[in-house]
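Notes follow once the structure below has been shown.
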Amino acid sequence: MRIIELNKRQETILQIVKDNGPITGEQIAERLSLTRATLRPDLAILTMAGYLDARPRVGYFFTGKTGSQLLTERIKKLTVKAYQSIPVVVNESASVYDAICTMFLEDVGTLFVVNSESYLVGVLSRKDLLRASMGKQDTESIPVSIIMTRMPNITTCKLDDYVVDIANQLINKQIDGLPIVKEVNVGGETKYEVVGRITKTNITKAFVQIALDEFY
Numbered sequence: 001m002r003i004i005e006l007n008k009r010q011e012t013i014l015q016i017v018k019d020n021g022p023i024t025g026e027q028i029a030e031r032l033s034l035t036r037a038t039l040r041p042d043l044a045i046l047t048m049a050g051y052l053d054a055r056p057r058v059g060y061f062f063t064g065k066t067g068s069q070l071l072t073e074r075i076k077k078l079t080v081k082a083y084q085s086i087p088v089v090v091n092e093s094a095s096v097y098d099a100i101c102t103m104f105l106e107d108v109g110t111l112f113v114v115n116s117e118s119y120l121v122g123v124l125s126r127k128d129l130l131r132a133s134m135g136k137q138d139t140e141s142i143p144v145s146i147i148m149t150r151m152p153n154i155t156t157c158k159l160d161d162y163v164v165d166i167a168n169q170l171i172n173k174q175i176d177g178l179p180i181v182k183e184v185n186v187g188g189e190t191k192y193e194v195v196g197r198i199t200k201t202n203i204t205k206a207f208v209q210i211a212l213d214e215f216y
């Protein structure tokens, strides 16, 4: 929910609760010479937005949170699941040439490498492919398994991870994106199924959307 711009009555209600809370809806209505039904939408908005909280048989009280604090809380609660995109994968037997073509056609900065059982075994970045294509090497005969970063040296994430945490990892590791994985137990061994990807672009879109919701 966007951080709302309060109208005059909502600001008045907020001040009443700050000064007198906890206070019931009936008491607020009496101070404003309004009916409880008239105030109900305003109280619901203030509560859903996080400015107020309510307890049964106690009343409303001020949470102490400002608009900027509520916005920060909203950002911190964003999860990978809401902003993921479709992963682009290649098989470990694919050639470097095929991987370069896939990266170009799909317009991505990272490819996820899977084995014949479709489990994650590696990651390919633009730098990996550029390095492999330099010189006189035959990119059509070199499998990506030779140049990829292998498990377990791969940073992964899950659908319920927080976007802020992933953004921090991308910055610290100086990488474009992470595979979103689901753990699968195969014969007592943990394997990883690629179910999505989260990239700098995904995260930028999330923050831009929040900004647009806030100011427009």
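Okay, so the sequence shown: first residue is 1 according to the UniProt record's numbering, each after it adds one.
A virtual CB, placed ideally from N, CA and C, is assigned to each residue, including glycine.
Through-space distance from residue 65 to residue 72, alpha-carbon basis: Mapped onto the sequence shown, residue 72 falls at position 72. Mapped onto the sequence shown, residue 65 falls at position 65. Cα to Cα, the separation comes out at about 10 angstroms.
Roughly how many whole angstroms lie between the Cα atoms of residue 49 and residue 32? Numbered from its first residue, the sequence shown carries residue 49 at position 49. Numbered from its first residue, the sequence shown carries residue 32 at position 32. Residue 49 and residue 32: Cα-Cα distance of roughly 21 angstroms.
Between which two residues does the alpha helix (DSSP H) harbouring residue 11 extend? Translated into the one-based positions of the sequence shown, residue 11 becomes position 11. Here the alpha helix (DSSP H) through residue 11 covers 8–20.
Do the segment 190–207 and the segment 111–127 make contact, defined as three or more Cβ pairs closer than 8 angstroms? Look at the beta carbons and you see the segment 190–207 touching the segment 111–127: at least three pairs across the two are nearer than 8 angstroms.
How many whole angstroms separate the CB atoms of residue 198 and residue 177, which I take to be in contact at a CB cut-off of 8 angstroms? As a working note, residue 198 is residue 198 in the sequence shown. As a working note, residue 177 is residue 177 in the sequence shown. The Cβ separation is near 6 angstroms, so the contact holds.
Residue 25 by DSSP, collapsed to three states: which one? By one-based count along the sequence shown, residue 25 stands at place 25. Correct three-state label for residue 25: helix.
For residue 46, collect the residues of the same chain with a Cβ closer than 7 angstroms to its Cβ; drop the 5 residues on either side in sequence, then sort them by chain order. On the sequence shown, position 46 is the one that residue 46 refers to. Within the same chain, residue 46 has close Cβ partners 10, 13, 14, 52.
Can you tell which of 22, 89, 79, 34 has its C-alpha closest to the C-alpha of residue 56? On the sequence shown, residue 56 is found 56 positions in, with the first residue counted as 1. With distances taken between CA atoms, residue 56 lies nearest to 22 out of 22, 89, 79, 34.
In angstroms with no decimal places, state the Cα-to-Cα distance between residue 181 and residue 86. The sequence position of residue 181 within the sequence shown is 181, counting from 1. The sequence position of residue 86 within the sequence shown is 86, counting from 1. Separation of residue 181 and residue 86 (C-alpha to C-alpha, rounded to the nearest whole angstrom) is 12 angstroms.
If you draw a straight line from the C-alpha of residue 155 to the C-alpha of residue 78, how long is it? The residue labelled residue 155 in the question sits at position 155 within the sequence shown. The residue labelled residue 78 in the question sits at position 78 within the sequence shown. About 20 angstroms.
What residues match up with residue 157 in a beta bridge as DSSP calls it? The count along the sequence shown starts at 1 and reaches residue 157 at position 157. Per DSSP, 180.
Cα-Cα separation, residue 82 to residue 196: Here residue 82 is taken as the residue at index 82 of the sequence shown, counted from 1. Here residue 196 is taken as the residue at index 196 of the sequence shown, counted from 1. When rounded, the distance between both Cα atoms is 11 angstroms.
With distances taken Cα to Cα, identify the nearest neighbour of residue 100 among 121, 157, 80, 125. Position 100 of the sequence shown holds residue 100. If we check each option's Cα against that of residue 100, 125 comes out closest.
Put residue 128 into one of helix, strand or coil per three-state DSSP. Walking along the sequence shown from the start, residue 128 turns up at place 128. The answer is helix: DSSP assigns residue 128 an H, G or I state.
Identity of the residue in 150, 179, 141 nearest residue 158 by Cα: Along the sequence shown, read from residue 1 onward, the residue named residue 158 stands at position 158. Checked all of 150, 179, 141; the closest Cα to residue 158 is 179.
What ranges does the alpha helix (DSSP H) occupy inside the UniProt domain "CBS" (83–140), keeping only unbroken runs of at least 4 residues that lie completely in it? Here the runs fully enclosed are 96–106, 126–133.
Cβ neighbour criterion (16 or more within 10 Å) applied to residue 88: Reading the sequence shown from its first residue, position 88 is the one you call residue 88. Looking at its Cβ environment, which holds 16 or more other Cβ atoms inside 10 Å, residue 88 is buried.
What residue range does the alpha helix (DSSP H) around residue 175 cover? Locating residue 175 in the sequence shown gives position 175, counting from the first residue. For residue 175, there is no enclosing alpha helix (DSSP H), as DSSP gives it neither H nor E.
Specify, as a first and last residue, the run of the beta strand (DSSP E) that residue 52 falls within. Position 52 of the sequence shown, counted from the first residue, corresponds to residue 52. Start and end: 52–55.
Alpha carbon to alpha carbon, how far is residue 169 from residue 133? Within the sequence shown, numbered from 1, the residue matching residue 169 stands at position 169. Within the sequence shown, numbered from 1, the residue matching residue 133 stands at position 133. The straight-line gap from Cα to Cα measures roughly 28 angstroms.
Cβ pair residue 54, residue 39 closer than 8 angstroms: Position 54 of the sequence shown, counted from the start, is the residue given in the question as residue 54. Position 39 of the sequence shown, counted from the start, is the residue given in the question as residue 39. Taking 8 angstroms as the Cβ cut-off, residue 54 and residue 39 do not qualify as a contacting pair.
Provide the residue span of the alpha helix (DSSP H) that contains residue 47, from first to last. Counting from 1 along the sequence shown, the entry for residue 47 is found at position 47. For residue 47, the enclosing alpha helix (DSSP H) begins and ends at 36–49.
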